[in-house]
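Chemist:
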Amino acid sequence: MPELPEVETLRRGLEPLVIGRRIEELICRVPKLRQPLEPAWNAGVAGQKILAVGRRAKYLLFELERGSLVLHLGMSGVLRLLNAGIEPQKHDHIDLRLDQNQVLRFNDSRRFGLLLYLETNPFDHPLLKKLGPEPLDFLLPCDYLFTATRHRRVAIKNLIMNQQILVGVGNIYASEALFAASIDPRRPAESLTKNEAIHLLAQIQKILQQAIEAGGTTLKDFRHSDGKPGYFRQQLQVYGRRGEKCRCCGQKIQQLVLGQRSTYFCSRCQH
DNA sequence: ATGGGCACCTGGCTGC
DNA sequence: TGCAGCCAGGTGCCCA
């Protein structure tokens, strides 16, 4: 479910609540999410303090004293801090039992999520190693996307969702950023001019930033660590608005499928 | 190397 | 009311 803004919102909510807290036990109630959960992890994790809560792409990183926990929410993952003693509900797959009688509980109905405990540098893990740059890194050159689109014939929407090119953009914000940049999502990436590519990256950055400030987008099940919804949904211009009027020109928003994902755009505003 | 398609899952909604 | 079919915020792998 979550794209970069939702994961970052969760990270910011969690950070002040869990830093310095000791993990007493790691409880896994399912054998696997995207990858198997190792029973031996509990022995490694138990007793360690959480030193920091970081993020890389859509992965949450809990930095511990001797390793790190890497968590991906997949499509439907929800992580919440609860008081101990609350009975696990359906799809409550993982508990991180903390000191002070609290529990970090991971619920994920579709089980596309992922948890890893690593005692090596998490950035060297194959899943993280291949990731592209962070869009909100101020060191990212403004023409990065122009360079990345050269000789790429895929639809530009697919390219900006490719986590090896640029991380954090998922299906909602891809449609939104392309609308903001007035670019047709079906255009071959290589057909973008330098100005268009620079403008598109700037719009991606702006929209991700705005979404973070609004606390993310709540569609169905995204909630902050405190259970409150995000407020970016009201600001969506095209996503989920098929048949509704474009807020810019009044034309009906169209929906099509690109890379097996629903794509929304305005055929009058986007070229 | 690139791009397209599929697989992994469950749940909610739609339409017959 | 019941149920089949489709859709959903992600991503790794396989194949042409």
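Counting in the working numbering, the first sequence runs from 2 upward without gaps.
All C-beta atoms, glycine included, are put in the ideal place defined by N, C-alpha and C.
Small disclaimer: the values here were computed from a predicted structure and weren't measured.
Looking at residue 61 and residue 12, is the spacing between their C-beta atoms short of 8 Å?
Modeler: Yes, Cβ-Cβ distance for residue 12 and residue 61 is below 8 Å.
Chemist: Buried or exposed for residue 114, please, with buried defined as at least 16 other CB atoms from any protein chain shown within 10 angstroms of its CB.
Modeler: With 16 or more Cβ atoms within 10 Å of its Cβ, residue 114 is classed as buried.
Chemist: Since residue 206 is in the alpha helix (DSSP H), which residue starts that stretch and which ends it?
Modeler: Start and end: 195-214.
Chemist: Ignore the nearest five residues each way along the sequence and tell me which others in residue 255's own chain have a CB closer than 8 Å to its CB.
Modeler: 243, 265, 266, 267 and 268
Chemist: Measuring CB to CB, does residue 198 end up less than 8 Å from residue 174?
Modeler: no
Chemist: Measuring alpha carbon to alpha carbon, tell me which residue in 66, 35, 251 and 71 is nearest residue 123.
Modeler: 71
Chemist: Have a look at the DSSP bridge pairing and note the partners of residue 26.
Modeler: Residue 26 pairs with 98.
Chemist: In the DSSP assignment, the beta strand (DSSP E) including residue 51 goes from what residue to what residue?
Modeler: 51-57
Chemist: Can you grab the Cα-Cα spacing for the pair residue 223 / residue 79, in whole Å?
Modeler: Residue confidence is low: residue 223 scores 44 on pLDDT, short of 50, so the model does not pin down where it sits. Its coordinate-derived value is still stated next. Those two C-alpha atoms are separated by around 7 Å.
Chemist: According to DSSP, is residue 145 helix, strand or coil?
Modeler: helix
Chemist: Look at the Cβ atom of residue 54, then the Cβ atom of residue 19, and state whether they are nearer than 8 Å.
Modeler: yes
Chemist: Are the beta-carbon atoms of residue 49 and residue 24 separated by less than 8 Å?
Modeler: Yes, they are a contact pair.
Chemist: So what does DSSP say about residue 78, is it helix, strand or coil?
Modeler: strand
Chemist: Can you grab the Cα-Cα spacing for the pair residue 205 / residue 170, in whole Å?
Modeler: 8 Å
Chemist: Terminal residues of the continuous alpha helix (DSSP H) containing residue 174?
Modeler: 172-181
Chemist: Considering Cα atoms alone, identify which of 151, 183 and 165 is closest to residue 189.
Modeler: 151
Chemist: Is residue 240 near residue 215, with beta carbons less than 8 Å apart?
Modeler: Going by C-beta atoms, residue 240 is not nearer than 8 Å to residue 215.
Chemist: By the three-class DSSP mapping on this structure, what secondary structure does residue 167 have?
Modeler: coil
Chemist: Given that a residue counts as buried once 16 or more other Cβ atoms are within 10 Å of its Cβ, and exposed if not, what is residue 149?
Modeler: buried
Chemist: Mapping the DSSP letters down to three states, classify residue 69 as helix, strand or coil.
Modeler: Three-state DSSP puts residue 69 in a strand.
Chemist: CA-CA distance, residue 252 and residue 270?
Modeler: Going from the Cα of residue 252 to the Cα of residue 270 covers about 9 Å.
Chemist: Output the boundary residues of the beta strand (DSSP E) element that contains residue 8.
Modeler: Per DSSP, residue 8 belongs to no beta strand (DSSP E); it is in the alpha helix (DSSP H), 5-19.
Chemist: Just the C-alpha distance for residue 143 and residue 203, rounded to the nearest angstrom, thanks.
Modeler: 8 Å
Chemist: Beta carbon of residue 153, beta carbon of residue 160: below 8 Å?
Modeler: At the C-beta level, residue 153 and residue 160 come within 8 Å of one another.
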